[in-house]
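Undergrad: So in the UniProt record's numbering, spot 342 of the sequence shown is number 342, and the numbers just go up one at a time.
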Amino acid sequence: MNQSLAIEATSFPATSLQVAVNAPGRDQLTPLMLAVLNSKEQVVPALLAAGADPNTAEQGGSTALFYASGQEDVDIVHSLLQAGASCSLANPNGQLPVHFACQIGSLPVLQALAAHGSSVVAADASGYTPLHYACKFGRQEVARWLLASGARSILEARAEGGVTPLLQSAEEKQFHLIPMLLEEGANPAAMDTTFWQPLHYVALSSDPGAVEAAKALLQAGAPINHQNQQYGSTALLFGCIEDILVPELLSRGMAAHINTPDITGLTPLIAAASKQPHLVPLLLQHGADPGATDGQWGRTALYLAAGSSDPAAVDAVRRLLDQGAQIDCRNLLGQTPLHIASEFGNIAVVRLLLERGHPVNVFAYEEPRTPLHMAVLEGHTEVVDLLLQHGASFAGAPLVHVAAEVGDPALVRSLLAAPEGCGQVAALDQFHACPLHWAAKHGHLEVAQALVQADPAAAATSCDVHGFADRFGFDQLTPIDWALTNADRPMARLLIRTGGGSSGEVLQALHTAFALATDEAEQVEVEALFTDVVASRPLSEEEWASVPNQVPGLDSALPAVLARSRTEAAHLVRHLQQEEQELLQATVLSLSHACRRAKVELPFDVLPTLLAAVFGTV
Numbered sequence: 001m002n003q004s005l006a007i008e009a010t011s012f013p014a015t016s017l018q019v020a021v022n023a024p025g026r027d028q029l030t031p032l033m034l035a036v037l038n039s040k041e042q043v044v045p046a047l048l049a050a051g052a053d054p055n056t057a058e059q060g061g062s063t064a065l066f067y068a069s070g071q072e073d074v075d076i077v078h079s080l081l082q083a084g085a086s087c088s089l090a091n092p093n094g095q096l097p098v099h100f101a102c103q104i105g106s107l108p109v110l111q112a113l114a115a116h117g118s119s120v121v122a123a124d125a126s127g128y129t130p131l132h133y134a135c136k137f138g139r140q141e142v143a144r145w146l147l148a149s150g151a152r153s154i155l156e157a158r159a160e161g162g163v164t165p166l167l168q169s170a171e172e173k174q175f176h177l178i179p180m181l182l183e184e185g186a187n188p189a190a191m192d193t194t195f196w197q198p199l200h201y202v203a204l205s206s207d208p209g210a211v212e213a214a215k216a217l218l219q220a221g222a223p224i225n226h227q228n229q230q231y232g233s234t235a236l237l238f239g240c241i242e243d244i245l246v247p248e249l250l251s252r253g254m255a256a257h258i259n260t261p262d263i264t265g266l267t268p269l270i271a272a273a274s275k276q277p278h279l280v281p282l283l284l285q286h287g288a289d290p291g292a293t294d295g296q297w298g299r300t301a302l303y304l305a306a307g308s309s310d311p312a313a314v315d316a317v318r319r320l321l322d323q324g325a326q327i328d329c330r331n332l333l334g335q336t337p338l339h340i341a342s343e344f345g346n347i348a349v350v351r352l353l354l355e356r357g358h359p360v361n362v363f364a365y366e367e368p369r370t371p372l373h374m375a376v377l378e379g380h381t382e383v384v385d386l387l388l389q390h391g392a393s394f395a396g397a398p399l400v401h402v403a404a405e406v407g408d409p410a411l412v413r414s415l416l417a418a419p420e421g422c423g424q425v426a427a428l429d430q431f432h433a434c435p436l437h438w439a440a441k442h443g444h445l446e447v448a449q450a451l452v453q454a455d456p457a458a459a460a461t462s463c464d465v466h467g468f469a470d471r472f473g474f475d476q477l478t479p480i481d482w483a484l485t486n487a488d489r490p491m492a493r494l495l496i497r498t499g500g501g502s503s504g505e506v507l508q509a510l511h512t513a514f515a516l517a518t519d520e521a522e523q524v525e526v527e528a529l530f531t532d533v534v535a536s537r538p539l540s541e542e543e544w545a546s547v548p549n550q551v552p553g554l555d556s557a558l559p560a561v562l563a564r565s566r567t568e569a570a571h572l573v574r575h576l577q578q579e580e581q582e583l584l585q586a587t588v589l590s591l592s593h594a595c596r597r598a599k600v601e602l603p604f605d606v607l608p609t610l611l612a613a614v615f616g617t618v
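1) Kindly indicate which three-state DSSP category L477 falls into: helix, strand or coil?
2) For the segment 58–78 against the segment 28–38, are there 3 or more C-beta pairs whose distance is under 8 Å?
3) Could you tell me the alpha carbon to alpha carbon distance between L250 and S393, rounded to whole angstroms?
4) With distance defined between alpha-carbon atoms, name the residue in F431, A49 and H401 nearest to Q424.
5) Would I76 pass as a contact of A85 if the rule is Cβ separation under 7 Å?
6) Below 7 Å between beta carbons: does that hold for P368 and L320?
7) Should F431 go down as buried or exposed, given a rule of 16 or more other Cβ atoms within 10 Å for buried?
8) What number of angstroms, rounded off, separates the C-alpha of A172 from the C-alpha of F137?
9) Which residues mark the beginning and the end of the alpha helix (DSSP H) in which E420 is found?
10) Exposed or buried, which one is R139 when buried takes at least 16 other CB atoms within 10 Å?
11) In whole angstroms, what separates the C-alpha of A569 from that of A403?
12) From A545 to V360, what does the alpha carbon distance come to, in whole angstroms?
13) Report buried or exposed for A134, applying the criterion of at least 16 other Cβ atoms within 10 angstroms of its Cβ.
14) How long is the line joining the alpha carbons of L539 and V561, rounded to whole angstroms?
15) Between which two residues does the alpha helix (DSSP H) carrying F514 extend?
16) Quick check: what's the CA-CA separation for H132 versus E160?
17) Quick one: using the 10 Å Cβ neighbour count with 16 as the cut-off for buried, is H551 buried or exposed?
18) Consult DSSP for V44 and reduce its assignment to one of helix, strand or coil.
19) What is the DSSP secondary structure of R471, counted as helix, strand or coil?
20) Return the residue from the list S153, T129 and A151 that minimises the CA-CA distance to Q168.
21) Relative to the C-alpha of E446, which residue among E541, D124, P490 and A427 is closest?
22) Which value, in whole angstroms, describes the spacing of the CA atoms of F472 and A509?
23) Would you say I480 touches the ligand HEM, meaning its beta carbon is less than 6 Å from a heavy atom?
24) Whose C-beta lies closer than 6 Å to the C-beta of L399 among residues of the same chain, with five residues either side of it excluded?
25) Among all the DSSP beta bridges, which residues are the ones paired with V447?
26) What's the gap between the Cα of V142 and the Cα of I263?
27) For K40, does the count of other Cβ atoms within 10 angstroms reach 16, so buried, or fall short, so exposed?
28) With distances taken from CA atoms, which of I241, W145 and F514 is nearest L177?
29) Which same chain residues, not among the five before or five after A439, have their C-beta less than 7 Å away from its C-beta?
30) Whole angstroms is fine: what's the gap from A186's alpha carbon to D192's?
31) Nearest CA to the CA of D555: which residue from R564, D73, T567 and V573?
32) My guess is that R493 and D532 are in contact by the Cβ rule of under 8 Å, so how many angstroms apart are they, rounded?
33) According to DSSP, A159 sits in a beta bridge with which residue or residues?
34) Once DSSP output is grouped into helix, strand and coil, what is the label at T293?
35) So, under 8 Å CB-CB, L282 and V246 are touching, yes? Tell me the CB distance rounded to an integer number of Å.
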């Protein structure tokens, strides 16, 4: 209703609005506030003429002038001011309309407020002045006008956290304001409550404007080696994280402090090796210590460069080694550069380290893993191949098991090509599982194919896994059981045809899987596996008794079973559906009559071939 009043005010006599014109609606917004928010320039004067109070505040403490000052419509601001709107009414945060005008960056609005007595140096409850807000939001024109209109007196005003307007500009990356503020006399060495100076904030930026801002700060006398209290970091160290200022800082004398660490022991070289490895040669040239370690993890520049994915990391590693960096330096966990390069798949770095003589079978401390182990865990096949070529040992670790769980067929084949790998195909790991269990559990079909090709007997290996034993009702699980648990028919078919587990165990597992099937589609999948078992495995009379009768599609196994055993073929026929048996009888009788009439005796293998044509193949 109030919004309608605001929009339609010009259609009614002023007297008809006397009662409702100041009535607050939703969120305590008056019609005047709504008109301002909707930029109704013609409605605002009408509401004011009808008696709207411009100094009424909504529940958040803002008047219509606050809303108008936060927009760029100077005509509405003039209307409100002429109607007596106060520039000195503050909201609960101590903010005035002038603060909002400086945020939005409207110089005409700011000038209108100042012309009606608004202070250009007033601070809000957090200490932020109009100049702070102009610097925070990068309003250069507004900031320049403020400084020319009396705001020079607040150049060093401290807001929350000890922030000056110059620090505010640097922190918010409004670098274009920094030269102007310095020219007006801002202190380049000003510190906030954490001892950060403007140069620290500038050095942490990759913005192209940071270079000119840094030059201006240094020219104005900013301390080059100041360490902030929060991290103990210098501008050079921050620059090595973001790159852009390092040449400028070194040319200004920072090289004398090139090995100054922060509170964690991080030096500019170590920071660059991790974040900007292309800076490593420049820092070494200026005297950076290649053997320095950070105190937190015991990492060297070589270690971090070896783990970097940056293309410049290879050259950084080479330069560090040329400058005497210890090639097999360890962090606090006992990991070496070869460990981390292998973990992150940095093949070029791995090759360089091996060429320079890095030990290939070095163990970490807490988790006794070698570089080969790290590469397998992360699935880096090229690195694995290279390490194996240089004599990497499995060192008793179940690496084929790990690779099978990772699921990379090429990785598994690489490990199987090694003598130690072949011996692990049927071996049990600490979980009492062989590699094929892990491949079946995670549905890695190509991996399973590679494993059964290497050792078909692995398909029959059992493991003790209680969670799955509870589901199936027996203590030991084969890879087939894992496949059935996951309703993975392609995996189960592969393992059934490979010969995994005894036929009786497989049939029992199929019965259990059928009983646990959650829907008809899953039951059909399991029934199809009965046909796979019958077609691919010799069954005893007892095992035939456990084959369900009238399984759809079971007739397709008849050619394979007949070729294997006439006795088993008779068992199969008894399991067929009635119409299938009748069709089979008619086919055999017709064939027999035809042979007699023609006086032809067929070889034994002809009948399976004909039956395959009639019934189809598995």
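Virtual Cβ for every residue (Gly too), placed ideally from N, Cα, C.
Remember, predicted model here, so these are calculated numbers, not experimental data.
TA: Let me spell this out:
1) Residue state, collapsed to three classes: strand.
2) Counting Cβ pairs under 8 Å, three or more are found: they touch.
3) Rounded to whole angstroms, L250 to S393 spans 46 Å at the Cα level.
4) Nearest C-alpha to Q424 among F431, A49 and H401: H401.
5) No.
6) It is not a contact, given that the beta carbons lie outside the stated cut-off.
7) By the neighbour-count rule (16 or more Cβ atoms within 10 Å), F431 is not buried but exposed.
8) It should be noted that the sequence gives Glu, not Ala, for residue 172. E172 and F137 have their C-alpha atoms roughly 8 Å apart.
9) First-last of the alpha helix (DSSP H) with E420: P419 to C422.
10) By the neighbour-count definition (other C-beta atoms within 10 Å, threshold 16), R139 is a buried residue.
11) Between A569 and A403, the C-alpha separation is close to 42 Å.
12) Their backbone Cα atoms lie some 57 Å apart in a straight line.
13) Buried: at least 16 other Cβ atoms inside 10 Å.
14) Taking the straight line from one Cα to the other gives about 10 Å.
15) For F514, the enclosing alpha helix (DSSP H) has its first and last residue at S503 to L516.
16) Each residue's alpha carbon lies about 11 Å from the other.
17) Per the sequence presented here, residue 551 reads as Val, with His not at that position. Label assigned to V551: buried.
18) In this structure, DSSP gives V44 a helical state, which the three-state scheme calls helix.
19) Residue placement at R471 is poorly supported in this model, since its pLDDT is 41, which falls under 50; the coordinates still yield a value, given next. In the structure shown, R471 sits in a helix (DSSP, three-state: H, G or I).
20) T129 is the residue among S153, T129 and A151 whose C-alpha sits nearest the C-alpha of Q168.
21) Taking only the C-alpha atoms, the option nearest E446 is P490.
22) In this prediction, F472 has a pLDDT of 39, which is less than 50 and means its spatial position is unreliable; what the coordinates show is noted afterwards. In a straight line, the C-alpha of F472 is about 7 Å away from that of A509.
23) The ligand HEM is absent from the structure shown, which contains no ligand whatsoever.
24) V376 and L415.
25) In DSSP, V447 forms no bridge with anything.
26) So the two alpha carbons sit approximately 40 Å from each other.
27) With 16 or more Cβ atoms within 10 Å of its Cβ, K40 is classed as buried.
28) Per the Cα distances, W145.
29) Within the same chain, A439 has close Cβ partners A404, V447, A448 and L451.
30) Answer to the nearest angstrom: the Cα atoms are 14 Å apart.
31) Just measuring C-alpha positions, the residue of R564, D73, T567 and V573 sitting nearest D555 is V573.
32) Indeed they touch by this definition, with Cβ atoms about 5 Å apart.
33) The partner list for A159 (beta bridge, DSSP) reads V163.
34) Three-state result, T293: strand.
35) V246 and L282 do touch by the CB rule: their CB atoms are close to 7 Å apart, below 8 Å.
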